[in-house]
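Report on the structure given below.
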Amino acid sequence: MLIIPYLIAAYGLLFVKLRWGLRLFGAFIVATIGLLTAMFLVEAYPIIARDGVAVFLRTSWDPARESYGVLQALAGTVLTSAVAMALAMPMALGVAVTINEILPARLRGIFGSLVDLTATMPTVIYGLWGLFVLGPTLQSLINYLPGGMMTSPYTLFTAGVLLAIMITPYAAAVIREGYALVPKPVEEAVYAVGATRFEAALIKLRYVRNYILGGFFLALGRAMGETVAVAMVVGGNYARFTTNIFESGVTISSLIALQFPNAASYQYMVPALFAGALLLTLFGLAINAAAIYIIQKWQI
Amino acid sequence: MAPQMFTWSKTFYQVTGGKIQVNYQSIGSGAGAAQFLGKNLDFGASDVPMPKDKYQQVAGQFVQFPVIIGSIVIAYNVPEIAYQKTGKYLNLTAEVIALIYMGNITQWCDPRIKALNPGLADKLPCKDIVAVHRSDGSGTTAAFTLYLSKAYPAWNQTVSWGYTVNWPADQKAKGTGAKGNEGVAQAVLQTPYSIGYIEFAYWATNKDKYDQVGGVAFVRNDNDGKYYFPTTENVAMGAAAGLERYIKKYGAPPAPDADWNPVSIEFSNPPRGYPIVSFTYVFLWKDYAAEGYGDAATKAALLKAFFRWVLTEGQKPENIVEGYIPLPSSIANIGLEALNMVKP
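Protein chains in written order, with my numbering: chain A, 1 to 300; chain B, 1001 to 1344.
See the structure below:
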């Protein structure tokens, strides 16, 4: 108990010396990520010791024979995220421009708050909606086209569309903030050279491209990590490697959520699931590193 | 399992005048067994007996016994032969069910399905079968795949059984997964030409919905050659017959502190009755003081009181949730014997 005043004092001091305080907290965050990755590695060690890197390159999931691989889940994560981003970014840009340009000023606040509110809805509610409404609707829509490719309402595509709806408000919020910060003189200059409203919107979006990129990566992170809603609509073919988005499959996070509860009954399933977590973490770090690289390059 | 346990806990709380509250959480069979062995829980419940490797670590220190019977129904969605249109349900056998999930029977008009259903043969459409299975690990999958392993040996060799298995239909045919019994139920109801296995209780409360799009199959018991519909009587008959077969084979009823994996194997695909039977097992320590539990005497006494009530009063129809099947007295007695082995 005696230590508490010291901690408060140290905390206060850090903020007086703001730069050192921030550095320390930054180091703390880096250490946390490092420790987390190390923990995944330790937990996954039994299966890595048994199979080597093969566990990341195999697509089997056969607990009866203790044979595991997570490549199919990584493929599912990439495919669902790709579908989600392809649909979410145009929607997010549309929302940002609509709120800032088209809606009358009085409605902007209300509409903006409504969009933000959809981001706070529990994901299980999105999942239930996907299970009962979105999945069957998408199936009948897709199968209305010649070819009729969706055999089940629950596929990677269903998960991707659901994710797109879930992550749009995140990307939209960031882009909207940036869009509102475009300096008035810039806006006036754009109109002064005779730009139409549409052209002006395009030029302003170009002006805030760093915000768009920021929104993109924030939304991508959400899409790659989303668990509950995806587990409910992705189908859940934990052993099948597919690149056809109209088939059911699995993502890394949904594989972990679906298989973890009974994993302790098998010798190597828990390590295999941690290997999946490790892969997702490393993949996420790589994506974020790329994001930082691109943003820095654009700023120069 | 969970709905029944919640009801027992609630009723027992009322019966004891609010003095004893049993707290049950549905965390999955595998986790339940692991947490019980880790002594984080006072008792465990699971859809399968204690796995053999874990049993050997604590053999003789704990007891296990069934508390309720469940069953698994085979639901299908084939609008052309929906029960509401034809007044008939499909007949299926373990072999045909296994071949569908193995991806070898891929269409509803397959001659092997027609042969079992002469009355519906001309109506069965040549559409691809969508075989729906659980995407999460589950006791339902364990009971279903154990049945197929026993009744159709080729299944045991290629797929085997467990909470999660590698479904050949996923690779070779239009297999798909869904989360939880409610997910499989929803997928079957939404997907024309699909088939799925669902816990009896989930179907029992929604029979009409299935009859509109298809129905629930009569399953042939290969031991007596008869087709059985999943009724309470037929499932209870299967459970009792399974115990009889065990006693015949091993000379005595299973001991509560023995390895129950052989018992669950004898219960599956029984000599007569509806063949897909599943049990929920409860785990109790024999000596709570020796296992290091605090307040061991009180804990043991309360657990014994609760489960004695579950195995007697709890088995009466008014305390059973719709869709679950009470234990025949021959099986309930094993549990009562187990309670006598728990040190007060």
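Ideal Cβ positions, reconstructed from N, Cα and C, are used throughout, including at glycine.
Between ASN1077 (chain B) and GLY1214 (chain B), how many whole angstroms is the CB-CB distance? I'm expecting something under 8 Å. If you number the second sequence from 1, residue 1077 (chain B) lands on position 77. If you number the second sequence from 1, residue 1214 (chain B) lands on position 214. With a Cβ gap of about 4 Å, ASN1077 (chain B) and GLY1214 (chain B) count as contacting.
Look up PRO1066 (chain B) in the DSSP assignment and give the residues it is bridged to. As a first step, residue 1066 (chain B) is located in the second sequence; it is residue number 66 there, counting from the start. Its beta-bridge partners are B:TYR1281.
According to DSSP, which residues form a beta bridge with ALA1075 (chain B)? For the purposes of this step, residue 1075 (chain B) is taken as the residue at position 75 of the second sequence. Answer is B:GLY1196 and B:VAL1216.
My assumption, with CB atoms under 8 Å, is that LEU1120 (chain B) sits in contact with ILE1074 (chain B). Please give the rounded CB distance. Translated into the one-based positions of the second sequence, residue 1120 (chain B) becomes position 120. Translated into the one-based positions of the second sequence, residue 1074 (chain B) becomes position 74. At roughly 15 Å, the Cβ-Cβ gap does not stay under 8 Å, so LEU1120 (chain B) and ILE1074 (chain B) are not in contact.
Please report whether the beta-carbon of SER248 (chain A) lies at a distance below 8 Å from any beta-carbon of chain B. Numbered from 1 along the first sequence, position 248 holds the residue referred to as residue 248 (chain A). Yes, because at least one Cβ of chain B sits closer than 8 Å to the Cβ of SER248 (chain A).
Check whether SER1071 (chain B) and PHE1200 (chain B) have beta carbons under 8 Å apart: In the second sequence, counting from the first residue as 1, residue 1071 (chain B) sits at position 71. In the second sequence, counting from the first residue as 1, residue 1200 (chain B) sits at position 200. A contact, by the Cβ cut-off of 8 Å.
Could you please give the first and the last residue of the uninterrupted beta strand (DSSP E) stretch that includes GLY160 (chain A)? Position 160 of the first sequence, counted from the start, is the residue given in the question as residue 160 (chain A). First-last for GLY160 (chain A): 156-180, but that is the alpha helix (DSSP H), not the beta strand (DSSP E).
Checking contacts by CB at 8 Å: is ALA1187 (chain B) closer than that to chain A? Here residue 1187 (chain B) refers to the residue found at position 187 when the second sequence is read from its first residue. Output row for ALA1187 (chain B): interface = yes.
By the criterion of Cβ-Cβ separation under 7 Å, what are the contact partners of ARG240 (chain A) in chain B? Taking the first sequence and counting its residues from 1, the one referred to as residue 240 (chain A) is at position 240. Result: ASP1170 and GLN1171.
Within the continuous beta strand (DSSP E) that includes TYR1227 (chain B), where are the two ends? Along the second sequence, one-based indexing puts residue 1227 (chain B) at 227. Start and end: 1226-1228.
First and last residue of the alpha helix (DSSP H) that includes ALA1296 (chain B)? Counting from one through the second sequence, the residue named residue 1296 (chain B) turns up at place 296. Unbroken alpha helix (DSSP H) run through ALA1296 (chain B): 1296-1311.
Do LEU71 (chain A) and ARG50 (chain A) have their C-beta atoms within less than 8 Å of each other? Within the first sequence, residue 71 (chain A) is the residue found at index 71, counting from 1. Within the first sequence, residue 50 (chain A) is the residue found at index 50, counting from 1. It is not a contact, given that the beta carbons lie outside the stated cut-off.
Short CB-CB distance (under 8 Å) between ASN244 (chain A) and chain B: Along the first sequence, read from residue 1 onward, the residue named residue 244 (chain A) stands at position 244. Not one chain B Cβ lies under 8 Å of ASN244 (chain A).
Which residues mark the beginning and the end of the beta strand (DSSP E) in which ARG1134 (chain B) is found? In the second sequence, counting from the first residue as 1, residue 1134 (chain B) sits at position 134. Here the beta strand (DSSP E) through ARG1134 (chain B) covers 1130-1134.
Name the chain A residues whose beta carbon is nearer than 8 Å to that of PRO1051 (chain B)? Residue numbering aside, residue 1051 (chain B) sits at position 51 when the second sequence is read from its first letter. The answer, in chain order, is SER265.
Can you check whether the C-beta of TRP61 (chain A) is within less than 8 Å of a C-beta belonging to chain B? Sequence index remark: in the first sequence, residue 61 (chain A) carries index 61 (1-based). Yes, contact with chain B.
Within the region 1110-1185 of chain B, ranges of the beta strand (DSSP E) (whole runs, at least 3 residues): 1130-1134 and 1174-1178
Taking 8 Å as the cut-off, decide whether the C-beta atoms of PHE1283 (chain B) and ILE1020 (chain B) are in contact. What you label residue 1283 (chain B) is simply residue 283 of the second sequence in a count that begins at 1. What you label residue 1020 (chain B) is simply residue 20 of the second sequence in a count that begins at 1. Cβ distance not < 8 Å, so PHE1283 (chain B) and ILE1020 (chain B) don't count as in contact.
8 Å Cβ cut-off: residues of chain B touching GLN259 (chain A): Working through the first sequence from its first residue, we reach residue 259 (chain A) at position 259. Near GLN259 (chain A) (Cβ distances below 8 Å), the residues of chain B are ASP1136, GLY1137 and THR1164.
If the cut-off is 8 Å on Cβ atoms, which residues from the region 1003-1036 of chain B count as contacting chain A, listed in chain order? ILE1027, GLY1028, SER1029, GLY1030, ALA1031, ALA1033 and ALA1034
Whether or not the region 1099-1118 of chain B and the region 1228-1237 of chain B are in contact is what I'm after, with contact meaning three or more pairs of Cβ atoms, one per stretch, closer than 8 Å; do they touch? no
Can you check whether the C-beta of SER152 (chain A) is within less than 8 Å of a C-beta belonging to chain B? Taking the first residue of the first sequence as position 1, residue 152 (chain A) is located at position 152. Output row for SER152 (chain A): interface = yes.
Would the region 1290-1299 of chain B and the region 1079-1094 of chain B be scored as touching if the rule is three or more Cβ pairs under 8 Å? no
Starting from SER1046 (chain B) and walking both ways along the beta strand (DSSP E), at which residues does that stretch end? Locating residue 1046 (chain B) in the second sequence gives position 46, where the first residue counts as 1. Counting along the chain, the beta strand (DSSP E) containing SER1046 (chain B) begins and ends at 1044-1046.
If we count Cβ pairs, one from each stretch, closer than 8 Å, do we get three or more for the region 1183-1194 of chain B versus the region 138-155 of chain A? yes
Helix or strand or just coil, what does DSSP make of GLN1107 (chain B)? Locating residue 1107 (chain B) in the second sequence gives position 107, counting from the first residue. Correct three-state label for GLN1107 (chain B): strand.
Please state the DSSP three-state secondary structure of TYR68 (chain A). Counted from its first residue, the first sequence places residue 68 (chain A) at position 68. If DSSP states are grouped into helix, strand and coil, TYR68 (chain A) belongs with the strands.
Return the residue from the list B:PRO1262, B:PRO1256, B:ASN1091 and B:ASP1257 that minimises the CA-CA distance to TYR1246 (chain B). The sequence position of residue 1246 (chain B) within the second sequence is 246, counting from 1. Comparing Cα positions, the closest option is B:PRO1262.
Beta-carbon of GLY1177 (chain B) versus every beta-carbon of chain A: anything under 8 Å? Your numbering for residue 1177 (chain B) matches position 177 in the second sequence. For GLY1177 (chain B), the answer is yes, since a Cβ of chain A falls inside 8 Å of its Cβ.
With a CB to CB cut of under 6 Å and the five nearest residues on each side skipped, what residues in its chain are close to GLU43 (chain A)? Here residue 43 (chain A) is taken as the residue at index 43 of the first sequence, counted from 1. So the list reads PHE274, once near-sequence residues are dropped.
Going along chain A in order, which residues have a C-beta closer than 8 Å to the C-beta of SER1160 (chain B)? Taking the first residue of the second sequence as position 1, residue 1160 (chain B) is located at position 160. Chain A residues near SER1160 (chain B): ALA64 and ARG65.
If you draw a straight line from the alpha carbon of THR118 (chain A) to that of VAL161 (chain A), how long is it in whole angstroms? Here residue 118 (chain A) refers to the residue found at position 118 of the first sequence. Here residue 161 (chain A) refers to the residue found at position 161 of the first sequence. Distance between the alpha carbons of THR118 (chain A) and VAL161 (chain A): 15 Å.
Using a C-beta cutoff of 8 Å, does LEU87 (chain A) count as contacting chain D? In the structure shown, chain D does not exist; the protein chains are A and B.
I think LEU1243 (chain B) touches PHE1043 (chain B), with their Cβ atoms under 8 Å apart; what is that distance to the nearest whole Å? The residue given as residue 1243 (chain B) occupies position 243 in the second sequence. The residue given as residue 1043 (chain B) occupies position 43 in the second sequence. About 23 Å; that fails the 8 Å criterion.
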